[in-house]
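Everything on this sheet refers to the single structure shown next.
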Amino acid sequence: MPTTCQAQLFRSDTGKSIVYLNQFVHEGDLLYSPDGTVYHTLVIHRYEAHQDSDNIDEHVGAEDLLTGVIGVIHRVNDRLVFRGEDYHLRPGDFDPSELRILSLPSKGRHPLFLCQARDGSFVYVSSATQAFGLLPDSIKLYFGTADALQELEIMSVVLHRDGDAMQHGTVYINTYQGMFYGPTTSRADRPVPMWQNNYLSELNPNDYHFVEQPDGTASFTKRKGSSQS
Numbered sequence: 034m035p036t037t038c039q040a041q042l043f044r045s046d047t048g049k050s051i052v053y054l055n056q057f058v059h060e061g062d063l064l065y066s067p068d069g070t071v072y073h074t075l076v077i078h079r080y081e082a083h084q085d086s087d088n089i090d091e092h093v094g095a096e097d098l099l100t101g102v103i104g105v106i107h108r109v110n111d112r113l114v115f116r117g118e119d120y121h122l123r124p125g126d127f128d129p130s131e132l133r134i135l136s137l138p139s140k141g142r143h144p145l146f147l148c149q150a151r152d153g154s155f156v157y158v159s160s161a162t163q164a165f166g167l168l169p170d171s172i173k174l175y176f177g178t179a180d181a182l183q184e185l186e187i188m189s190v191v192l193h194r195d196g197d198a199m200q201h202g203t204v205y206i207n208t209y210q211g212m213f214y215g216p217t218t219s220r221a222d223r224p225v226p227m228w229q230n231n232y233l234s235e236l237n238p239n240d241y242h243f244v245e246q247p248d249g250t251a252s253f254t255k256r257k258g259s260s261q262s
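Add 33 to the 1-based position in the sequence shown for my numbering, that's all there is to it.
The structure is reproduced here in C-alpha cells:
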C-alpha cells in the first residue's frame, strides 16, 4: 500500500532525489535534486492520476528549469520512473523544512496580471499555463509590495472561455481576503481589473521580472529597457 504521510522522499541508486511535498501533486509540490543535497522546484505541465484506497498510478509532466529538459514522472505506489531512472520511496521520518532549496526565476510560470491599488499595494497573478490552456489549479495570486508579495490561499477560480489561443479569458479568483476580477485581454474595450470591489491600475507584466519562491513569497523588478508605467 502507498504511504499516507504528506512529504515523501524518493531516491535513485545514483543519489538523485525527488520530493513530493504533498501526496496529491499541485504546482510547486515537486522538488528535484541531482545529488540529494540542494533541491529546486520542478514545473508541472500535466497531471493524470488513478488512485484508490490501495494503489497510486500517476503521470506528471514536469520541466527542470535548470536544464530545460521536460519529462514524465510515472509513479506506481512507492516507486517512480523519471528520465528512464528508477526512484524508490525512502521510508521513515522526513522533514521538508530541512531541505536546501535553490530559488529559481519563475520562467516556467506565466504572469497573467500585475495590478496596483491606490494604497500602493500590488496584486500579481500567475499560472503554469497560458492563454486558452489556463488550468484553475495552476493559478496563484500574490498580494503585497514589490519586494514582499505573499501568496494568498485561493478558495475557488472561475474561468470564462471568452479569450482565444493567444489571450486568456476573464478570470474570477476568490480568496479569503477578497475577490479578484481579471477581464479578458482579447477585448479592445476591456473593463478594469478589480480587487475587493476596488478598481486597480494595470501594469504590463511583460515589463517586469518575477521570482516565485517555494515558501509562498514572490517579488518583481523592472526589466531594463522596458516601457515606463
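Glycine included, each C-beta is placed from N, C-alpha and C at the ideal position.
For Asp240, the three-state DSSP class (helix, strand or coil): Start at 1 with the first residue of the sequence shown, and residue 240 comes out as number 207. Asp240 sits in a helix when the DSSP states are folded into three classes.
Reduced DSSP secondary structure (H/G/I, E/B, other) of Pro124: The residue given as residue 124 occupies position 91 in the sequence shown. Coil at Pro124, not helix or strand.
Under the DSSP definition of a beta bridge, which residues are partnered with Asp97? Working through the sequence shown from its first residue, we reach residue 97 at position 64. Note: Asp97 sits in a beta bridge opposite Val102.
Can the beta-carbon of Ile89 be found closer than 9 Å to that of Ala95? Here residue 89 refers to the residue found at position 56 of the sequence shown. Here residue 95 refers to the residue found at position 62 of the sequence shown. The answer is no: Cβ separation not under 9 Å.
At the level of alpha carbons, what is the spacing between His121 and Ala161? Indexing the sequence shown from 1 puts residue 121 at position 88. Indexing the sequence shown from 1 puts residue 161 at position 128. Their Cα atoms are separated by approximately 27 Å.
Hey, Thr254 and Glu184: beta-carbon distance below 9 Å or not? As a first step, residue 254 is located in the sequence shown; it is residue number 221 there, counting from the start. As a first step, residue 184 is located in the sequence shown; it is residue number 151 there, counting from the start. 9 Å or more divides the Cβ of Thr254 from the Cβ of Glu184.
Cβ neighbour criterion (16 or more within 10 Å) applied to Asp119: Within the sequence shown, the letter at position 86 stands for residue 119. Here Asp119 is exposed, its C-beta having fewer than 16 other C-beta atoms within 10 Å.
Between which residues of its own chain and Tyr214 is the CB-CB distance below 7 Å, once the five residues before and five after are set aside? On the sequence shown, position 181 is the one that residue 214 refers to. Leaving aside the five residues that flank Tyr214 on each side, the residues in its chain whose CB is nearer than 7 Å to its CB run, in chain order, Tyr205, Pro226 and Met227.
For Asp90, the residue or residues it bridges with in DSSP: For this step, residue 90 is matched to residue 57 along the sequence shown. Its beta-bridge partners are His83 and Val109.
Please classify Pro224: is it buried, with 16 or more other beta-carbons within 10 angstroms of its beta-carbon, or exposed? Here residue 224 refers to the residue found at position 191 of the sequence shown. With fewer than 16 other Cβ atoms within 10 Å, it is exposed.
Residues near Pro238 by beta carbon distance below 6 Å, same chain, minus five either side: Walking along the sequence shown from the start, residue 238 turns up at place 205. Pro144 and Leu147.
Please classify Glu131 as buried or exposed, where buried requires at least 16 other C-beta atoms within 10 Å of its C-beta. By one-based count along the sequence shown, residue 131 stands at place 98. Answer is exposed; the Cβ neighbour count stays below 16.
So, for Gly104: in the same chain, excluding its five sequence neighbours on each side, which residues have a beta-carbon less than 7 Å away from its beta-carbon? On the sequence shown, position 71 is the one that residue 104 refers to. Result list for Gly104: Ala95, Phe115 and Arg116, in chain order.
Range of the contiguous beta strand (DSSP E) that encloses Lys173: In the sequence shown, residue 173 corresponds to position 140, counting from 1. For Lys173, the enclosing beta strand (DSSP E) stretches over residues Lys173 to Thr178.
Should Ser66 and Ile77 be called a contact, given that it needs their Cβ atoms to be closer than 9 Å? For the purposes of this step, residue 66 is taken as the residue at position 33 of the sequence shown. For the purposes of this step, residue 77 is taken as the residue at position 44 of the sequence shown. No, the pair does not count as a contact, with Cβ atoms beyond the cut-off.
Whole-angstrom distance between Val93 and Asp85, CA atom to CA atom: Looking up residue 85 in the sequence shown gives position 52. Looking up residue 93 in the sequence shown gives position 60. Cα atoms of Asp85 and Val93: separation of roughly 17 Å, rounded to the nearest angstrom.
May I ask you to report which of helix, strand or coil DSSP gives Glu245? Walking along the sequence shown from the start, residue 245 turns up at place 212. DSSP places Glu245 in strand when its eight states are reduced to three.
What are the boundary residues of the beta strand (DSSP E) that includes Pro67? Position 34 of the sequence shown, counting from 1, holds the residue named residue 67. If you look at Pro67, you'll find it isn't in any beta strand (DSSP E); DSSP assigns it neither H nor E.
Contact defined as beta carbons within less than 8 Å: I believe Asn231 pairs with Ala150. What is the distance between those atoms, to the nearest angstrom? Counted from its first residue, the sequence shown places residue 231 at position 198. Counted from its first residue, the sequence shown places residue 150 at position 117. Going by Cβ atoms, the distance from Asn231 to Ala150 rounds to 6 Å, so yes, they are a contact pair.
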